[in-house]
Each structure stands twice: as C-alpha cells, then as structure tokens.
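I have placed the structure first, in the form of structure tokens, so that the comments after it can refer back to it.
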Amino acid sequence: MPSLTALVHTKNSAETLEACLQSLHFADQVLVIDMESTDESRSIAKKLGATVLKHQDVGYVEPARQFALQQVRTDWTLIVDADEELPASLAKKLKELMADAQAADAYFIPRKNIVFKKWISHTGWWPDYQLRFFRTGKVSWPVQIHAQPKISGATQQLEAKEELAIIHHNYQTVEQFLDRLNRYTTIEVDRGQASQQPIKSNAAVLPSAFSQEFARRFFAEEGYLDGGHGLALAYLQSMYQVIVELKRWQAQGFTDQHDPSELVRKVEDSLQELHYWTTSYSIQRATGLQKFLWMIRRKLRW
Numbered sequence: 000m001p002s003l004t005a006l007v008h009t010k011n012s013a014e015t016l017e018a019c020l021q022s023l024h025f026a027d028q029v030l031v032i033d034m035e036s037t038d039e040s041r042s043i044a045k046k047l048g049a050t051v052l053k054h055q056d057v058g059y060v061e062p063a064r065q066f067a068l069q070q071v072r073t074d075w076t077l078i079v080d081a082d083e084e085l086p087a088s089l090a091k092k093l094k095e096l097m098a099d100a101q102a103a104d105a106y107f108i109p110r111k112n113i114v115f116k117k118w119i120s121h122t123g124w125w126p127d128y129q130l131r132f133f134r135t136g137k138v139s140w141p142v143q144i145h146a147q148p149k150i151s152g153a154t155q156q157l158e159a160k161e162e163l164a165i166i167h168h169n170y171q172t173v174e175q176f177l178d179r180l181n182r183y184t185t186i187e188v189d190r191g192q193a194s195q196q197p198i199k200s201n202a203a204v205l206p207s208a209f210s211q212e213f214a215r216r217f218f219a220e221e222g223y224l225d226g227g228h229g230l231a232l233a234y235l236q237s238m239y240q241v242i243v244e245l246k247r248w249q250a251q252g253f254t255d256q257h258d259p260s261e262l263v264r265k266v267e268d269s270l271q272e273l274h275y276w277t278t279s280y281s282i283q284r285a286t287g288l289q290k291f292l293w294m295i296r297r298k299l300r301w
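If you're matching positions, the sequence shown starts at 0 in numbering that gives the first Met the number 0 and goes up one per residue.
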C-alpha cells in the first residue's frame, strides 16, 4: 500500500488542532509545522503522535508550506490546515485513490466552509476547491501570500459532494475576520508596492471596489441563498476590497485631485450597478405583468 504524510500548519491553533489531528489517523505520518505558537499547539501535536517542526512566522502560511513539502518522504502528501478536519468518507476516498495505479497526480478537494456557525454553500464559498492531495514531488508552493501551487502531472477534482469535502472551521467571529482582513490587506499592498509596477489607487475607485465585489458575492454567486450570513459576508468581503484600495492610496500619500462632481458620478455609477442586480433578481422571480414592469425598471434605471 502506498504511504501518506499529512502536513498541518499551526499558529496558536490549540482550539481546533486536536479534532484536526484525530481525523488524520489513517496517515502513515503526520508532520505539524508550527509557526511560533505561544499556546499549547505543539504539546497537543506531540501528545497525539505527530512530528513537530518549527518554522518562522512571517504572517502567512506559504513559506512554511513549501518548507513542509521538502520534508516529505512518503509516496503521497496531504495538506490540511489546523482549523480543518476530514470526514471518514473523505479519508476512505483518499485511501482508494492511493491504491489505484491509474489515479491522477494531484487532486483538488472541495471544502465546506463553516463561517459564523453556518455552512456557507453559496456567496462564492462552495465548492471552494483546494489542491491538497498529490503524489509527493508533483507540487511546489511559491512563498508569496495566497500564491497558487505549481503542479506537474495530471490533475482531477473530487466530486462536489458534502461527504467528500474537507470541513473548514473558518471565521468564527467578526473580530477574527477583521483581524485577518487588516493583516492580509497590508501584506497584499506591501507586496504590490515592492513590485516593478506598483498598482496605483485613489479615492475615486472606492465605490466601484465595493459595488463590484458586493454584486458578485450577493447576486452573481447567489449569496442571498445563504440568508443573513450571505449578506454579512458580501458586505465584509466588499470591505476587504475597499481596504486594499485605501491602503494603496495611503502608500501614495493620500494625494487627492478629484473634483467633487467626479466623485458623485462614481457613487452614482456604483448605485446603478447595484440597481441592475436588484432588478434582475426581481425579474427572475416575477411572472406576467410584474415581470414586464421590472424589465422596464431595469431598462430605464428607475
């Protein structure tokens, strides 16, 4: 039977780590790469039989992930975050794939995100495919934040079924979301400013930064089907885009040369975009004369 190493990255992950590691009992080896935790993460990992390695905390996981990949000696590699766990049905599927000589070299696995105590099945959060299972040596990870892995070989996706999905205990509080928002946006902007062609921004882009992301999350990605959670996430993720633009503007010294009328037009354009989406939503659900009237309202922007 081919062998498997599960890699888990930790940073003060004591609250979720035990459930994560217990779900990886089928792996031949579990490596925990700890990024300077100050809680009980390392002792929990050792108690449950994992091998613990240390890595510098740079504020995001990608450098530690590439370091971890270089330590693996088994046939297959599985990557799991400390706030994730695998259901038994997914573990069974992965064992079947390892035993299959015709299996692909790398697999994208769906992920079930639990945000504010609810599974978010729309709003752009499902199936949230993640490259997590692959033949050792077939994948490498660039060290930049949110970098995409480099793959050599054939890839496949597991079916987007709940029983084949990694369970991700994602944002549990608004404070947690805002903390990561502040950290991630700073890293993203700093990286862009260090590039040869820094992305410039100004106050005039703020309305569209918000409205475009909100329209995508709440309407195009059907966030309304996630109820209040979908609306909340659409707002929060739209604010993420706004903060990115604000920090880019900040890096340029907050220079402001916009005429007030131009800024008003930008706000009006954003409101018109949202009007298009709200009327389109009503058109889809109306019938007969009501449908026709909504189509007129969309056409006339009324």
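Glycine included, each C-beta is placed from N, C-alpha and C at the ideal position.
CB residue i to CB residue j, shorter than 8 angstroms?
| i | j | result |
| --- | --- | --- |
| residue 144 | residue 239 | no |
| residue 22 | residue 85 | yes |
| residue 99 | residue 152 | no |
| residue 77 | residue 5 | yes |
| residue 90 | residue 25 | yes |
| residue 107 | residue 154 | yes |
| residue 63 | residue 20 | no |
| residue 113 | residue 168 | yes |
| residue 33 | residue 73 | no |
| residue 44 | residue 31 | yes |
| residue 220 | residue 122 | yes |
| residue 232 | residue 150 | no |
| residue 16 | residue 40 | yes |
| residue 83 | residue 56 | no |
| residue 161 | residue 117 | no |
| residue 125 | residue 201 | no |
| residue 250 | residue 204 | no |
In angstroms with no decimal places, state the Cα-to-Cα distance between residue i and residue j.
| i | j | result |
| --- | --- | --- |
| residue 159 | residue 8 | 25 angstroms |
| residue 296 | residue 271 | 12 angstroms |
| residue 75 | residue 147 | 19 angstroms |
| residue 294 | residue 273 | 15 angstroms |
| residue 66 | residue 156 | 25 angstroms |
| residue 94 | residue 79 | 16 angstroms |
| residue 245 | residue 206 | 11 angstroms |
| residue 170 | residue 287 | 42 angstroms |
| residue 141 | residue 267 | 41 angstroms |
| residue 211 | residue 275 | 12 angstroms |
| residue 138 | residue 291 | 53 angstroms |
| residue 281 | residue 223 | 13 angstroms |
| residue 258 | residue 301 | 26 angstroms |
| residue 127 | residue 109 | 6 angstroms |
| residue 289 | residue 283 | 11 angstroms |
| residue 234 | residue 97 | 41 angstroms |
| residue 10 | residue 176 | 16 angstroms |
| residue 277 | residue 174 | 30 angstroms |
| residue 29 | residue 1 | 15 angstroms |
| residue 102 | residue 237 | 39 angstroms |
| residue 186 | residue 129 | 22 angstroms |
| residue 136 | residue 61 | 17 angstroms |
| residue 303 | residue 241 | A question about residue 303 goes unanswered here, because the residues of the chain that appear run from 0 up to 301. |
| residue 87 | residue 46 | 22 angstroms |
| residue 191 | residue 115 | 31 angstroms |
Report, in whole angstroms, the separation of the C-beta atoms of residue i and residue j, which I expect to be a contact under 8 angstroms.
| i | j | result |
| --- | --- | --- |
| residue 70 | residue 52 | 7 angstroms |
| residue 165 | residue 131 | 7 angstroms |
| residue 172 | residue 243 | That belief does not hold up - the Cβ atoms of residue 172 and residue 243 are roughly 22 angstroms apart, past 8 angstroms. |
| residue 269 | residue 209 | 7 angstroms |
| residue 163 | residue 92 | 6 angstroms |
(message) Would you call the segment 192-205 in contact with the segment 169-183, where contact means no fewer than 3 C-beta pairs closer than 8 angstroms?
(response) no
(message) Quick check on the DSSP output: what are the complete alpha helix (DSSP H) runs of length 4 or more inside the segment 163-206, in order along the chain?
(response) 173-192
(message) Measuring CB atoms only, is the segment 208-226 touching the segment 253-262, in the sense that at least three cross pairs come out at less than 8 angstroms?
(response) no
(message) Which complete beta strand (DSSP E) runs does the segment 62-93 hold, if anything under 3 residues is left out?
(response) 75-80
(request) Tell me, please, whether the segment 220-229 touches the segment 239-254 by the rule of three or more beta-carbon pairs shorter than 8 angstroms. (result) no
(message) Please give the ranges of any beta strand (DSSP E) in the segment 241-288, keeping only runs that are unbroken, at least 3 residues long and fully inside the region.
(response) none
(request) Go through the segment 115-168 residue by residue and report every complete run of the beta strand (DSSP E) that reaches 3 residues or more, in order. (result) 129-134, 154-156 and 165-168
(request) Would you list, in sequence order, the uninterrupted beta strand (DSSP E) runs of no fewer than 3 residues that lie entirely inside the segment 29-58? (result) 50-53
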